[in-house]
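Colleague: Numbering (the working numbering), first residue to last: 4 to 220.
#1: Can you tell me whether residue 51 is buried or exposed? The criterion is at least 16 other CB atoms within 10 Å of its CB, across all chains shown.
#2: Once the 5 residues before and after residue 68 are set aside, which same chain residues still bring their CB inside 8 Å of it?
#3: Shortest alpha-carbon distance to residue 159 belongs to which of 95, 14 and 220?
#4: Just the Cα atoms here: how many angstroms apart are residue 47 and residue 13?
#5: Would residue 154 and residue 118 qualify as a contact pair, given that the criterion is a beta-carbon distance under 7 Å?
#6: Give a yes or no on whether the C-beta atoms belonging to residue 11 and residue 42 are separated by under 7 Å.
#7: Grab the span of the alpha helix (DSSP H) containing residue 44 for me, first residue to last.
#8: Tell me the DSSP secondary structure of residue 51 in three-state form.
#9: Just confirm the distance between the C-beta atoms of residue 32 and residue 9, as a whole number of angstroms; I'd bet it's less than 8 Å.
#10: If you pair each beta-carbon of the segment 82-99 with each one of the segment 19-29, do three or more pairs fall below 8 Å?
#11: Among the candidates 70, 86 and 217, whose CA atom is the shortest distance from the CA of residue 164?
#12: Along the chain, where does the alpha helix (DSSP H) containing residue 225 start, and where does it finish?
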């Protein structure tokens, strides 16, 4: 799967790192020349400098063959334009936008953006996710844009999940673990992944199931 990520901030950086670890073909586009040297050292040929809202840049990035385009810049208007260009000009099958102002979610949906995730509740190291095709993009669409939250929870030592493997955990309906942050390591949870003290769990959850999940954690 070929995925284009536009926006090389913390969200875009972590997302690109995650997708590459999953062996997807990924291209990160960042326009800020002060950020691109560091991103280039990290991602090499998977980094492109340019303004992702421009047709010429997306054409050079190969947007015409992208399976998914994810716009995660800090500006809602940029994310909207990027996704609209990808849809209208390059017929990208799926576009996902970060929405910083939840008031814009209905507008994005009305204008044809396939899925949105509000970033207002994300903590610094949160992975947005919009992302891994098998575990994130499909659930995002299934759970319906505008009705999901991405949350991060610190596991307490008294958590019922402590010491359990992911496959042993019964999550509330409409929720899924996206990743586990363990120190500086980002872990994609598998069935055999065991939760230990100090873990931070990042989960995608329906708004109506959020409180139940937090209480379980």
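Glycine included, C-beta positions come from ideal geometry on N, C-alpha and C. Remember, predicted model here, so these are calculated numbers, not experimental data.
Modeller: If we stick to the structure as given:
#1: buried
#2: So the list reads 5, once near-sequence residues are dropped.
#3: 220
#4: 17 Å
#5: no
#6: yes
#7: For residue 44, the enclosing alpha helix (DSSP H) covers residues 39-46.
#8: strand
#9: That belief holds up - the Cβ atoms of residue 32 and residue 9 are roughly 5 Å apart, short of 8 Å.
#10: no
#11: Residue 164 has its Cα closest to that of 217, out of 70, 86 and 217.
#12: Nothing about residue 225 can be read from this structure; the chain reaches only from 4 to 220.
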